[in-house]
Structures are given as structure tokens and as C-alpha cells.
Amino acid sequence: MIASGSEDRLDDRDPVEAVVISQILIYRKALRNTLWIGPIAGAIHLLPSSWILLFAAFEVKSLGVWRLLTFLRRNPEDGMFLGYLSIMFACGAGLVTCRLNFNIQPWSSLQVSYWCMAVLLSVMVLSPCCIMAPFFLFMFLEVRECYLAGRFLVNKGFDLRNLPDY
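Here the sequence shown is numbered in our numbering, starting from 618 and rising by one per residue.
The structure is reproduced here in C-alpha cells:
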């Protein structure tokens, strides 16, 4: 950290270097929150949707393809519900997997986390748990802050695994 009152203050540096340093500090602060937000949001969506999809798979396995398509054509709301649950399951699995792969590919993990959180937040409007939307908005904004700072640093040529100390 830069001590206040020292000669090496952030205001006295080159403006480009000062922006880079501030983005590194923002990235590190937001990363602490992002690393726990992804698995929690992923588990919140992964667990209920996996049980419902598993139950639906057991119910549908006896139907043939033609009978299943006929059923979905007659009841499109059931197909939309299964599609909605599939999106929740895929995004939840993506968030949990991104946390596990963060040490290997931090930038790819941040991208997938950001877009999964964006999809989950936009789909939250249709969800029965839309009362939790402010909580998910907070989590999305934390992930977005980390994503934007990480994107800035990657565009400047930094490796997110080996950032310099400031």
C-alpha cells in the first residue's frame, strides 16, 4: 500500500501508472468478494434446479421422443419451465466450476462468472425467488467490478496470476 505523507504518493506518479495501480487495488479488493460469491450463487441455483431436473428426467424417461415432443407442444409452459431450470442449472454449474478453475485460468473464470451472474440476474425476474433480486444485484455488481478491473489489466498486458505489489 502507499503510505500517506510519503514521497511515493499516488498523486505524484505518472497518470497512466496511477490508473493501473488503482485498477490493481480495485481488482484485488473485488476479487476477495468474487471468490466466495460465485460458489454461493452457483450452489443457490444448482441444488434446487438439479433436484427438479432429476425428477423431471425420471418422469420423462418412459416417454418416447415423439410423445415428449407432443407433450411439450400441448403444454408449452412446461417446456419453458424446463428450459428456465436448465439455464439455472448451467449457470450454477458454471459459477461453481469457475471457482475451482480460478487458479489455472483467472481471466476465463472471471468472464464466465460475470456472464453467468448477468444471465442469472436477468432471469431472476421470472423466478419465484425474485424477492432475493437485491441480494443478487449486490453480488452481480461485485463480480462486475472485478471483471471490469481484470479486463483493464488484461488489456494492459498484465497476467492476473502474477500482479505486481503496490
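In this text, a Cβ means the ideal position worked out from N, Cα and C, and glycines have one as well.
**Study point:** Residues near residue 750 in its chain [Cβ-Cβ closer than 7 Å; skip 5 each side]
**Key:** 741
Exercise for review: Indicate the three-state DSSP secondary structure (helix, strand or coil) for residue 776 in the structure shown.
Suggested key: coil
Exercise for review: Give every residue of the same chain whose Cβ lies closer than 7 Å to the Cβ of residue 623, excluding the five residues on either side of it in the sequence, and list them in chain order.
Suggested key: Since pLDDT at residue 623 reaches only 44, below the 50 mark, its modelled position is unreliable, and the value read off the structure follows with that caveat. Excluding sequence neighbours, residue 623 sits near nothing in its chain.
Exercise for review: Counting only runs of 3+ residues fully inside the stretch 651 to 714, write out the beta strand (DSSP E) ranges in chain order.
Suggested key: none
Point to revise | Start and end residues, alpha helix (DSSP H) containing residue 726 | key: 723 to 740
Review point. Hey, is the stretch 696 to 712 in contact with the stretch 667 to 678, meaning 3+ C-beta pairs nearer than 8 Å?
Key: yes
Review point. By a C-beta neighbour count over all protein chains shown, 10 Å radius and 16 as the cutoff for buried, is residue 711 buried or exposed?
Key: buried
Check your understanding: Can you give the beta carbon distance from residue 652 to residue 719, rounded, assuming they're within the 8 Å contact cut?
Key -> 7 Å
Check your understanding: How is residue 783 classed by DSSP in three states: helix, strand or coil?
Key -> Here residue 783 sits in coil by DSSP.
Point to revise | Same chain, Cβ closer than 6 Å to residue 666, five either side skipped, listed in chain order | key: 702, 705 and 706
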